[in-house]
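A short worksheet on the structure shown next.
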Amino acid sequence: MTVDETNRSFKIVIIGGGLAGLATAHSLARAQREGRVFTSLTVTVYEQRSEESSFVKYPMHIAPDARSALQNILSPDSYADLVSRSDYGITHGGITILTPQLTRLYASQKYEGEQPQYVSRGVLKKVLEEGVDLVKGRRVVRVREVEEKVEVVFEEGGSELADFVIGADGVGSIVRSQLFPTHSQFPLLPHAVVQFKLATPLSRLSSLPDKHGNNLILGTQSSSFQIVPLAGTALPTMTPGAALNLSGQGPFAEPDNSIKDIHTALEDPKSGYIFVRMIVPSFTGWEDLTEGAWIEKAIKLLKDDVADHQIVTAFEEDIIPGTVAAWGIVSSSVGNSMPCREGRLVLIGDAMHAMPPTGGAGGATAFKDAEGLVNTLLSSTELGGTDGPLHTLLPTFYEESTARSEQYLKDALHRLEVSNQSGFQAWIHRGLLKGMDWYYPLSHWVASL
Ligand SMILES: Cc1cc2nc3c(=O)[nH]c(=O)nc-3n(C[C@H](O)[C@H](O)[C@H](O)COP(=O)(O)OP(=O)(O)OC[C@H]3O[C@@H](n4cnc5c(N)ncnc54)[C@H](O)[C@@H]3O)c2cc1C
């Protein structure tokens, strides 16, 4: 069958040019190029930002499910491009727990060999954008079904009619709040994430046990640190004094001229630096702290939690100003998925199920959703497939997506919980977990049934 034979046209609008939206658009564009779409299909992605957020500066952990979905979404050439441009020298995705009594937890979770384990978010987005009709700087404020179509209304005026709309607009999704008003906001967990980079040559951290993966310190001050050494040329070091100078300029001010060269070097994903993510209990006013104040706080927490002199010194001397960023953690709650919905609007990624930033669950959800939705679209009669009209196929997509993301969510929340307890609760929980090498294999086995 050819496009001429079906003589149909179909317009898809994707709201949100994040990972889920771009992956969906990229995959559809590839299917068109490869002659797998038998309809005159147009796909447009509307992204509210005209510039990338500072988030693209951070490496992203790729869980096995995210990797397998990406291998299907990207062509072999694009995938190879992603791997070679994101070569951090991280050879396994497991976590090495530095807190001695917990070394066995996560030990069975090392997934070696397959690459990439980490990617540069900036590179990933660039690769996904290839071949995609992406309109930046257009914010959608409303969607509504009008007869056989969906109207998408833009903030700056104007609207567009589509046959099908995909809400990939992240945790604060406008599409979700209109479709499911009772789920308009996901709960804020009592934790905050703080991320930054250290310009520490690996040779200086001889005591860091895992040079090719994730080193996790579970703190006694209800905090956890992940230290991930990235390969490459070592950057010039910078003292926190420079960062403290920035503290008068408001939270997470842009770097001043004196550290611009470091930031330029950091744009190369192969630059050598150490990526640190800490999860702390949130407290009143955490979001108003300046970058300098976060650095002081990180160093204090680390000193309280870690005896390792080398690691403390690296934190004290090598934090790269302008790379510190903090977020509150919003998450779906287990067993509270939104109802399945037929029709011309679907939600994917964080818009549908927000994941905490542990275990790579967010990316896995976004890419698996994109992969599943594209397969559903391609098999529908609207796009020339033979499995039936789209509205009869979507419930299956929703069911699979919900079951999968519930499992990811449980896993991610468990990791978060284990790494962020204190006092008696932590003592009991960690005590119980000490012998639990079987927990993750078992939970994955149950999930695969
Ligand atoms: C601190 C932190 C660290 C993380 N680390 C990892 C990790 O290492 N590995 C991993 O797998 N996951 C990680 N995650 C999770 C992962 O980033 C998300 O799950 C993933 O980005 C979700 O993709 P998405 O496309 O659904 O949403 P997003 O990536 O958030 O994209 C949504 C897009 O929609 C746009 N948008 C929103 N509203 C509108 C509108 N009204 N109109 C137009 N555009 C709009 C936004 O600007 C945004 O670009 C992390 C998350 C956080 C917060």
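Residue 237 in the UniProt record's numbering sits at position 237 of the sequence shown, and the numbers go up by one each step.
Just so you know, even glycine gets a beta-carbon here, dropped at the ideal spot from N, CA and C.
Can you tell me which of the three DSSP states G272 falls into?
strand
Where are the alpha helix (DSSP H) runs, 4 residues long or more, that stay fully inside the region 88 to 167, in chain order?
121 to 129
Specify the secondary structure class of S333 as computed by DSSP and reduced to three states.
coil
Given a cut-off of 9 Å on the beta-carbon distance, is the pair E296 and I73 in contact?
no
Less than 8 Å between the CB atoms is what I'm expecting for residue 475 and T39, so what's the real figure, rounded?
Nothing about residue 475 can be reported from this structure: the residues present for the chain run from 1 to 449 only.
Could you check whether A168 and A366 sit closer than 9 Å to each other, using their CB atoms as the reference points?
yes
Please report the distance separating the alpha-carbon of Y118 from that of E155.
36 Å
Confirm the yes/no value for this check: CB of residue 467, any heavy atom of ligand 1, distance under 8 Å.
In the structure as shown, the chain begins at 1 and stops at 449. Residue 467 is therefore absent and cannot be evaluated.
Could you check what DSSP says for A326 in three-state terms: helix, strand or coil?
strand
Verify whether the separation of the beta carbon atoms of V374 and T44 is less than 9 Å.
no
Since V56 is in the alpha helix (DSSP H), which residue starts that stretch and which ends it?
Unbroken run through V56: none, as it is neither H nor E.
Using CA coordinates, which residue listed in F283, E317, S224, F180 is at the minimum distance from L205?
E317
At a cut-off of 8 Å, would you count M355 as near ligand 1, judging by its Cβ distance to the nearest heavy atom?
yes
Are L216 and S207 close, meaning C-beta to C-beta below 9 Å?
Not a contact, by the Cβ cut-off of 9 Å.
How is the beta strand (DSSP E) around T44 delimited, first residue to last?
40 to 47
State the DSSP-derived secondary structure class of A293, mapped to helix, strand or coil.
helix
Give the secondary structure of K300 by DSSP, where H, G and I count as helix, E and B as strand, and everything else as coil.
helix
Nearest-angstrom Cα separation, counted from S50 out to D387
38 Å
Decide if D350 is buried, meaning its Cβ has at least 16 other Cβ atoms within 10 Å, or exposed.
It counts as buried.
Assigned secondary structure, Q185 (DSSP; H/G/I helix, E/B strand, else coil)
It is coil, neither helix nor strand.
Quick one: does the C-beta of Q185 sit closer than 8 Å to a heavy atom of ligand 1?
no
Identify, in the order they occur along the chain, each residue of the same chain with its Cβ nearer than 6 Å to the Cβ of G219, setting aside the five sequence neighbours on each side.
D305
With a CB to CB cut of under 7 Å and the five nearest residues on each side skipped, what residues in its chain are close to F397?
G372, L373, T376
Tell me, please, whether the region 167 to 182 touches the region 29 to 39 by the rule of three or more beta-carbon pairs shorter than 8 Å.
no
Run of the beta strand (DSSP E) containing S75, from where it starts to where it stops:
Premise fails: S75 is in no beta strand (DSSP E) and is neither H nor E.
Any heavy atom of ligand 1 within a distance shorter than 8 Å of the CB on Q195?
yes
Regarding Q71 and ligand 3, is the C-beta to nearest heavy atom distance less than 8 Å?
Although ligand 3 was asked about, the structure shown includes only ligand 1 as ligands.
Which stretch, first to last residue, makes up the alpha helix (DSSP H) that contains K368?
361 to 379
For A192, the three-state DSSP class (helix, strand or coil)
strand
Per DSSP, V346 is paired with what?
I166
Between V324 and V165, is the Cβ-Cβ spacing less than 9 Å?
no
Report the rounded CA-to-CA distance for F10 versus W327, giving the unit in angstroms.
Their backbone Cα atoms lie some 39 Å apart in a straight line.
Verify the contact flag: residue 488, CB atom, against every heavy atom of ligand 1, threshold strictly below 8 Å.
There is simply no residue 488 to check, as the chain begins at 1 and stops at 449 in what is shown.
Under the rule that 16 or more other beta-carbon atoms within 10 Å means buried, what is T284, buried or exposed?
exposed
Environment of I135 [buried if 16+ CB atoms lie within 10 Å]:
Correcting the residue type first, residue 135 is Val in the shown sequence and not Ile. Exposed, because fewer than 16 other Cβ atoms sit within 10 Å of the Cβ of V135.
Assign G35 to one of two classes, buried (16 or more other C-beta atoms within 10 Å of its C-beta) or exposed (fewer than that).
exposed
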